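Visitor:
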Amino acid sequence: MLVLLDRDGVLNEDRPDFVKSPEELVFIPGALEAVTDLTASGHRIAVVTNQSCIGRGLISRETLDTIHAKLLSTLASKGGRIDHIFVAPDAPWEATENRKPGAGMVKAALSMFRENPENAVLIGDSKRDLQAARTAGCHRILVQTGKGRKTQKEGLDEDLLPVSVAKNMTEAAHFIQSGRYK
Numbered sequence: 233m234l235v236l237l238d239r240d241g242v243l244n245e246d247r248p249d250f251v252k253s254p255e256e257l258v259f260i261p262g263a264l265e266a267v268t269d270l271t272a273s274g275h276r277i278a279v280v281t282n283q284s285c286i287g288r289g290l291i292s293r294e295t296l297d298t299i300h301a302k303l304l305s306t307l308a309s310k311g312g313r314i315d316h317i318f319v320a321p322d323a324p325w326e327a328t329e330n331r332k333p334g335a336g337m338v339k340a341a342l343s344m345f346r347e348n349p350e351n352a353v354l355i356g357d358s359k360r361d362l363q364a365a366r367t368a369g370c371h372r373i374l375v376q377t378g379k380g381r382k383t384q385k386e387g388l389d390e391d392l393l394p395v396s397v398a399k400n401m402t403e404a405a406h407f408i409q410s411g412r413y414k
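Structure below.
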């Protein structure tokens, strides 16, 4: 199975002022271990992340690469891996189809990994994550970390359902391992 992950609020703490350096990348407890468990079970893992901090001129692509190098090396030290990181650098006012809720990154991941949408699940903490997954035809898990509780409290549009709701990445990984994400 292809497991697609939003980054901020799912793997690391979501910051209102954006993650602008490797030092500001603070992992949510248990998130990287959950990715390691998914890796060990043979799942392919890709991150699909909006990073408007680039489009807003707050950081460069090179700085983002340094931030992602920390993510990848920390995960590797735990025995896990991410097979690819898809980034939408668009500022909201210059959004392309790649910026979620657009499904461009999700469709690119499905194409790269030659996977059918019904064999893919996206784990996110916002409505736009779920919208991108729905548009691409993927299964959806909302984690209650990051913006997840707020997203759940605001209610999910009927056209986004079904959505599994997990407390965190650990529970989301258990849902995937047990087939309870559908």
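Count along the sequence shown starting at 1, add 232, and that's the number in this note's numbering. Note that the Cβ used here is the ideal one computed from N, Cα and C, for glycine as well. Keep in mind the model is a prediction, meaning the values are calculated, not measured.
Contact check, F250 vs L290 under 8 Å by CB: the rounded distance?
Guide: Taking the sequence shown and counting its residues from 1, the one referred to as residue 250 is at position 18. Taking the sequence shown and counting its residues from 1, the one referred to as residue 290 is at position 58. So it is a contact: roughly 6 Å between Cβ atoms.
Visitor: Determine the DSSP secondary structure at L234, reduced to helix, strand or coil.
Guide: Within the sequence shown, numbered from 1, the residue matching residue 234 stands at position 2. Three-state DSSP puts L234 in a strand.
Visitor: Note down the Cα distance separating H406 from V397, rounded to an integer number of angstroms.
Guide: Residue mapping note: residue 406 aligns to position 174 of the sequence shown, counting from 1. Residue mapping note: residue 397 aligns to position 165 of the sequence shown, counting from 1. Distance between the alpha carbons of H406 and V397: 12 Å.
Visitor: Between the Cα of M233 and the Cα atoms of P321, T298, A272, which residue gives the shortest distance?
Guide: Counted from its first residue, the sequence shown places residue 233 at position 1. Here the closest residue by C-alpha is A272.
Visitor: Can you check whether the CB of F345 is closer than 9 Å to the CB of A404?
Guide: Locating residue 404 in the sequence shown gives position 172, where the first residue counts as 1. Locating residue 345 in the sequence shown gives position 113, where the first residue counts as 1. Not in contact: A404 and F345 (Cβ atoms no closer than 9 Å).
Visitor: Across which residues does DSSP place T281 in a beta bridge pair?
Guide: Against the sequence shown, residue 281 aligns to sequence position 49. Per DSSP, V319.
Visitor: As an exercise, report each continuous beta strand (DSSP E) stretch of at least 3 residues that is fully enclosed by the segment 362 to 398, in chain order.
Guide: Whole beta strand (DSSP E) segments, 3+ residues: 371 to 375, 396 to 398.
Visitor: I believe I408 touches L237 by the beta-carbon criterion, under 8 Å. Please report the beta-carbon distance rounded to the nearest angstrom.
Guide: Locating residue 408 in the sequence shown gives position 176, where the first residue counts as 1. Locating residue 237 in the sequence shown gives position 5, where the first residue counts as 1. The pair is not a contact, with the Cβ atoms about 11 Å apart (cut-off 8 Å).
Visitor: Since F259 sits in a beta bridge, which residues does DSSP pair it with?
Guide: Mapped onto the sequence shown, residue 259 falls at position 27. According to DSSP, which records beta bridges pairwise, F259 is partnered with N244.
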